[in-house]
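*Asks:* Structure below; questions to follow.
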Amino acid sequence: MVFDNLIRESTASGSFYPADPDALESQVASFMDNVQPLGLHNIKAIVSPHAGYI
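According to this note's numbering, the stretch in the sequence shown is residues 5 to 58, in order.
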């Protein structure tokens, strides 16, 4: 397929976030469970750090 070469293994897995996918999913879920809703509607974009979120 044309896009096969666009997917690569993570080089930061286990550094900035857990290497185990289940552990990462659990960690992100726990972060989301502790967020207070802001009541914002029609959000068009979110600016967020992409690494080292701990």
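Every residue gets a Cβ at the ideal spot worked out from N, C-alpha and C, and that includes glycine.
Rounded C-beta distance between alanine 23 and serine 17? I'm assuming under 8 Å.
*Replies:* 5 Å
*Asks:* Does the distance from the CB of leucine 28 to the CB of tyrosine 21 come in under 9 Å?
*Replies:* Result yes, Cβ atoms of leucine 28 and tyrosine 21 sit closer than 9 Å.
*Asks:* Name the DSSP beta bridge partners of serine 17, please?
*Replies:* As a beta-bridge residue in DSSP terms, serine 17 pairs with Tyr21.
*Asks:* Measure the alpha-carbon distance for histidine 45 versus serine 14 and round it to whole angstroms.
*Replies:* If you take the alpha carbons of histidine 45 and serine 14, they lie about 33 Å apart.
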